[in-house]
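In this note's numbering, the protein residues as written are 93 to 169.
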């Protein structure tokens, strides 16, 4: 299996003020998510920011090494 990490996405339309509000919220969520990922994976915040800047696909082994998952199930019990 594969895992993808990326920055938050959003879409809005309307008045400039509404678009600004939405953009600020996405940036707030991005910072919060990156902080959570850094804390829980053991990666630096800078690495998380770089790795989530665009779609980043990882194999199950890569995700385990990265710290995103704890184990890989190879067959059902």
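Idealized CB from N, CA, C, for every residue including glycine.
- Cβ neighbours of residue 150 within its own chain (closer than 8 Å, five residues either side excluded): 94, 95, 96, 97, 158 and 160.
- Looking at the backbone, the Cα of residue 143 and that of residue 116 are separated by about 21 Å.
- Annotated as proximal: residue 145 and residue 99, with beta-carbon spacing under 8 Å.
- 8 Å or more divides the Cβ of residue 119 from the Cβ of residue 126.
- Counting only runs of at least 3 residues, the region 110–161 fully encloses the following beta strand (DSSP E) elements, listed from N- to C-terminal order: 148–151.
- At least 8 Å separates the beta-carbon of residue 152 from that of residue 140.
- Straight across, the Cα-Cα distance linking residue 147 with residue 129 is about 15 Å.
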